[in-house]
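*Asks:* So the sequence lines, in the order shown, correspond to chains F and Y. For the first sequence, the residue numbers in the working numbering are 2 to 456. For the second sequence, the residue numbers in the working numbering are 8 to 301. Here a beta-carbon is modelled for each residue, glycine too, at the ideal position from N, C-alpha and C. All values reported here derive from a predicted model rather than from experimental measurement. Take this structure, written in structure tokens, and hold onto it; I'll ask about it next.
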Amino acid sequence: MLSDPLDFDGALVAFAADLRAEGVTVGTSELLDAFSALELVSWGSVTEFRETLAATIAKSPDDRRLFALVFDRFFFREAELQAVRLEVSEPQVRVGDGGELDLDDLRRQIARALEKGSDSDLRDLARLAIAAFGKGQGSGVLGVDVQRIRRALGLRTEPQPELAPDDPRHDGIPRDQLRRFEQALRRELERAQIERNQALPPKRALSDLDRALPGGPVQDLAAVHRVVAQLRRRLATQGHELRGHTRHAHVDVRATMRASLGTGGVPVELRYRPRRPRRPELFVLCDVSTSVTSASAFFLSILHALHDVFRKQRSFVFIERISEVTDVFRRERDFRAAAAAVSRDAGVADVSGYTDYGRVWSEFLDEIEDELHPRATVIVLGDARTNGRPPREDLFAAITQRAGRTFWLNPEPKLYWNYGDSVIAAYAQHCEAFECWRTDQLEDFVRALTRPRVT
Amino acid sequence: MVGNPTSVADVAAGLRSVGYLPGESTALVSFLAAKLGKPVLVEGPAGVGKTELAKALAKYLGRELVRLQCYEGLDEAKALYEWNYRKQLLRIQAESGEAGWDAVQDDIFGEQFLLARPLLTAISSQAPVVLLIDEIDKTDQEFEAMLLELLSDFQITIPELGRIEARTHPVVLLTSNNSRELTEALKRRCLYLWLDYPDLEHELEIVRMHSPDLPETVARKLVEVVSLVRELDLKKPPSIAESIDWARALLLLGAGSIDQAVFRQTMSVIVKHRTDMDTVAERVGVRLEPARAA
């Protein structure tokens, strides 16, 4: 909180701290940029102010989204705090004092304003609506009140054919407009609450619901993503150790000539082209069946991170059969979108929903047998539960023989390995198997993956 | 006002005057870039006018555009500078025997033996330039690291010559199609601009600007169809440039409206993949009015 009411610099630093708490990395240099940028723009317009801050602080689409949420929350609270301190209050809207407010008319007005109203129109209407429908019976829980008022206004996404055709509600109201109005309502209710109590409610961290893209899966991926981001950084630097031991180097003619200047143009010393770090070719197979549902988000995000670092990677998901998803990951930068695309149209042949490892191996061999070579690395993400079907470890052995290295990541604790229908032991003799359901275990795997190969 | 904008509105009007319709944040970030002298990282899907923005900025600011197209395997010798060893050899042979070693050594590492590549050109230019580093995400991370010195201090270190500092401050734009996450270090040095497909009204304005003869109703229909097509899950969604091309094609054909027949004939202007074409014909084509009997 602010110590000095007029200390804007402090407010901006506090805002940055807020952002950091939500997982946006804000460097000091970026904050300094923000200060110098703000000196150049007028503060009269909210959008200009916000965009300036965003351009200097939030540097990816994901960060942008978080930034918008935190910006709204932070400056709303700051403004309210100042209002409480200076004892400013909004003029009360009274309904029923001078002339009865036509409730039906209000409903229509709000529905129209949603279509093309400005933010301040929405705010005024939200205040009216609260005065009309939310009087005296606040439940104390904002979300409940918001929904109650919305219902009382008859705002729904479904078409309401009984209304007049020129009423926007006739065809149903688009979801994003409704969301906007709900936000305005929530904000006004919050404001009223603060005015009543003369104090700010405790700060609420952004929920995963807020963070998620509209329509995206609601799941806590933030923790996984943090580790995966680290993994990505690590792979990017450690990848250098993966360079092969090339005996055959290319002579760099230009550099050699340059070096020869010292000896009067006689190339005494040969210069070679620098060895580019060679990243291995990866083949990743990922189980997405129901038995690993809880781990599949984790798996898919690993897959996603690997795609960032390894250009030569082919990815497959499998249940009963395999299906290649390389293109999906190459095309989709956003993890959530990629995950959605995989579940939607990866064409996973899901007849029974039970994994059939034997079949997966044979199809995998059929498809890329020719492309497997000693420099290739195969990674399998799965629980090795065959549902009683033949494990066909002979086929798996054939794969591991052709490929340079094979890793298996099993999302089950070691305690459960080889119990029930788990046949991990049959596979583990052909590859390096890792227990991997915590993020620190993932680190072990990364260490193994980036370890220089002993040949 | 050319060359020295004093407000965001100035930049917006200036870009407009050279045929680029900027969104609100585009004008703002361009203004900040010119004023603060910080590089701008422009990200967004392909074909939203990232490269165009650099060209328009150069035109508006009255500066030369220096462009570095990135690709996998781009290295210092092609991006920064290289010694012109042929000329150096000639120099040595021309002087052989007569001049002392020190004289020759000082001589052959002079600026006249330096081949300037785009980055050095931008730094050492007498007049300020706009430097466009296109598709930075295509390069290796090693190259990105090499850029850091240039982007934060506008200087290049050449071992034989020492530091070359920028004589003038270039406006630097880096574009990325987001095909790989860029390093934090690079991002930290840049302002960030996310360009997305424009909304309906904005795109309509752009199309109208580039083909003013197209009837308003057709243009509106066109941007509506394009935004429908973009919503589909395509290999390559149509870019703004393709909307403009399509508008020109329709103008040439003298189409009075976009019906099914016209759409089928001209669809290939905006959709460039065999499988995409089937999807689009199936999902968008049928929604249009059937062709009128001519």
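Could you tell me which residues DSSP puts in a beta bridge with Trp-418(F)?
*Replies:* Answer is none; Trp-418(F) lacks a bridge partner.
*Asks:* Please decide whether Trp-253(Y) counts as near chain F, where near means a Cβ-Cβ distance under 8 Å.
*Replies:* With 8 Å as the cut-off, Trp-253(Y) does not count as an interface residue toward chain F.
*Asks:* Pull up the CB-CB distance for Tyr-67(Y) and Gly-21(Y), whole angstroms please, since I reckon it's below 8 Å.
*Replies:* That belief holds up - the Cβ atoms of Tyr-67(Y) and Gly-21(Y) are roughly 4 Å apart, short of 8 Å.
*Asks:* Does Trp-44(F) come out as helix, strand or coil in the three-state DSSP assignment?
*Replies:* Looking at Trp-44(F) - three-state DSSP - the assignment turns out to be coil, as it is neither helix nor strand.
*Asks:* Does the ligand NAD have even one heavy atom less than 7 Å from the beta-carbon of Leu-235(Y)?
*Replies:* The ligand NAD is absent from the structure shown, which contains no ligand whatsoever.
*Asks:* According to a CB-to-CB cut-off of less than 7 Å, which residues of the stretch 115-130 of chain Y neighbour chain F?
*Replies:* Hits within the stretch, in order: Ile-115.
*Asks:* Out of curiosity, what's the CA-to-CA distance linking Tyr-204(Y) and Leu-97(Y)?
*Replies:* Straight-line Cα distance between these residues: approximately 54 Å.
*Asks:* Specify the secondary structure class of Asn-198(F) as computed by DSSP and reduced to three states.
*Replies:* Three-state result, Asn-198(F): helix.
*Asks:* Suppose the cutoff is 6 Å on Cβ atoms and the five residues either side in sequence are ignored; what does the same chain contact list for Asp-98(F) look like?
*Replies:* With a pLDDT of only 46 at Asp-98(F), under the threshold of 50, the placement of this residue in the model should not be trusted, and no figure is reported.
*Asks:* Judging by CA-CA distance, which residue of Leu-75(Y), Thr-190(Y) and Gly-44(Y) is the nearest neighbour of Thr-128(Y)?
*Replies:* With distances taken between Cα atoms, Thr-128(Y) lies closest to Leu-75(Y).
*Asks:* What residue range does the alpha helix (DSSP H) around Leu-121(Y) cover?
*Replies:* Counting along the chain, Leu-121(Y) falls outside any alpha helix (DSSP H), though it belongs to the beta strand (DSSP E) covering 121-123.
*Asks:* Looking only at its own chain, which residues have a Cβ that is under 7 Å from the Cβ of Pro-414(F), when we skip the five neighbours before and after it?
*Replies:* Hits under 7 Å: Glu-436 and Trp-438.
*Asks:* Any C-beta of chain Y within less than 9 Å: which residues of the stretch 20-37 of chain F qualify?
*Replies:* Listed in sequence order: Thr-26, Gly-28, Ser-30, Glu-31, Asp-34 and Ser-37.
*Asks:* Going along chain F in order, which residues have a C-beta closer than 7 Å to the C-beta of Ile-163(Y)?
*Replies:* Result: empty, since nearest Cβ-Cβ is about 18 Å, beyond 7 Å.
*Asks:* Which residues in the same chain as Phe-300(F) place their Cβ atom closer than 6 Å to its Cβ, once the five residues preceding and following it in sequence are excluded?
*Replies:* Cys-287 and Leu-382.
*Asks:* Do Glu-433(F) and Phe-408(F) come within 8 Å of each other at the CB atom, strictly closer than that value?
*Replies:* Result yes, Cβ atoms of Phe-408(F) and Glu-433(F) sit closer than 8 Å.
*Asks:* Let me make sure I understand the geometry here. Which of Gly-292(Y), Lys-194(Y), Gln-267(Y) and Trp-253(Y) has the alpha-carbon closest to that of Leu-239(Y)?
*Replies:* That would be Gly-292(Y), whose Cα lies nearest to the Cα of Leu-239(Y).
*Asks:* Whose C-alpha, out of Asp-122(F), Arg-109(F) and Arg-181(F), is nearest the C-alpha of Ala-153(F)?
*Replies:* The option with the nearest alpha carbon to Ala-153(F) is Arg-109(F).
*Asks:* In chain Y, what lies closer than 7 Å to Leu-115(F) by C-beta?
*Replies:* Ordered by position in chain Y, no residue passes the 7 Å Cβ test against Leu-115(F), which lies about 17 Å from the chain.
*Asks:* If you draw a straight line from the C-alpha of Thr-264(F) to the C-alpha of Ser-61(F), how long is it?
*Replies:* Going from the Cα of Thr-264(F) to the Cα of Ser-61(F) covers about 51 Å.
*Asks:* Could you please tell me which residues of the stretch 30-42 of chain Y, in chain order, have their CB closer than 8 Å to any CB of chain F?
*Replies:* Correct list: Glu-31, Ser-32, Leu-35, Val-36, Phe-38, Leu-39 and Lys-42.
*Asks:* If the cut-off is 7 Å on Cβ atoms, which residues from the stretch 193-204 of chain Y count as contacting chain F, listed in chain order?
*Replies:* Residues passing the 7 Å Cβ filter: Lys-194, Arg-195, Leu-198, Tyr-199, Leu-200 and Trp-201.
*Asks:* Against chain F, which members of the stretch 72-99 of chain Y pass a CB distance test of less than 9 Å?
*Replies:* Flagged, chain order: Glu-79, Gly-80, Asp-82, Ala-84, Glu-89, Trp-90, Tyr-92, Arg-93, Gln-95, Leu-96 and Ile-99.
*Asks:* Between the stretch 35-44 of chain Y and the stretch 152-160 of chain Y, are three or more C-beta pairs nearer than 8 Å?
*Replies:* Judged by Cβ distances under 8 Å, the stretch 35-44 of chain Y makes no contact with the stretch 152-160 of chain Y, as fewer than three pairs qualify.
*Asks:* Thinking C-alpha only, which one of Pro-297(Y), Met-274(Y), Arg-255(Y) and Lys-279(Y) is nearest Ala-288(Y)?
*Replies:* If we check each option's Cα against that of Ala-288(Y), Met-274(Y) comes out closest.
*Asks:* In chain F, what lies closer than 8 Å to Lys-45(Y) by C-beta?
*Replies:* Result: Asp-34.
*Asks:* Identify the continuous alpha helix (DSSP H) that holds Phe-38(Y) and give its terminal residues.
*Replies:* Per DSSP, Phe-38(Y) belongs to the alpha helix (DSSP H) from 31-43.
*Asks:* Kindly provide the ranges of any beta strand (DSSP E) runs that are 3 or more residues long and lie completely inside the stretch 148-211 of chain Y, ordered along the chain.
*Replies:* Fully enclosed beta strand (DSSP E) runs of 3 or longer: 162-165, 169-172, 178-183 and 198-201.
*Asks:* Taking C-beta pairs closer than 9 Å, name the residues in chain Y that Arg-255(F) reaches, listed in chain order.
*Replies:* Those are Ala-84, Glu-89, Trp-90 and Tyr-92, listed as they occur along chain Y.
*Asks:* Does any CB atom of chain Y fall closer than 8 Å to the CB of Glu-52(F)?
*Replies:* It does; some Cβ of chain Y falls within 8 Å.
*Asks:* Measure from the alpha carbon of Arg-174(Y) to the alpha carbon of each residue in Arg-294(Y), Thr-182(Y), Ile-163(Y) and Leu-295(Y), then state which is nearest.
*Replies:* Taking only the C-alpha atoms, the option nearest Arg-174(Y) is Ile-163(Y).
*Asks:* Could you please give the first and the last residue of the uninterrupted alpha helix (DSSP H) stretch that includes Trp-4(Y)?
*Replies:* Because chain Y spans 8 through 301 in this model, residue 4(Y) falls outside it and cannot be assessed.
*Asks:* Quick test of the definition: if touching needs 3 or more C-beta pairs under 8 Å, does the stretch 133-152 of chain Y touch the stretch 182-200 of chain Y?
*Replies:* They touch, by the three-pair rule.
*Asks:* Within its chain, find whatever has a CB closer than 7 Å to the CB of Phe-330(F); leave out the 5 residues flanking it on each side and keep chain order.
*Replies:* Excluding residues within five positions, the ones whose Cβ falls inside 7 Å are Leu-304, His-305, His-308, Ser-316 and Ala-339.
*Asks:* Is there a Cβ of chain Y sitting closer than 8 Å to that of Thr-57(F), yes or no?
*Replies:* It does; some Cβ of chain Y falls within 8 Å.
*Asks:* By DSSP, does Thr-387(F) sit in helix, in strand, or in coil?
*Replies:* Of the three classes helix, strand and coil, the one that applies to Thr-387(F) here is coil, per DSSP.
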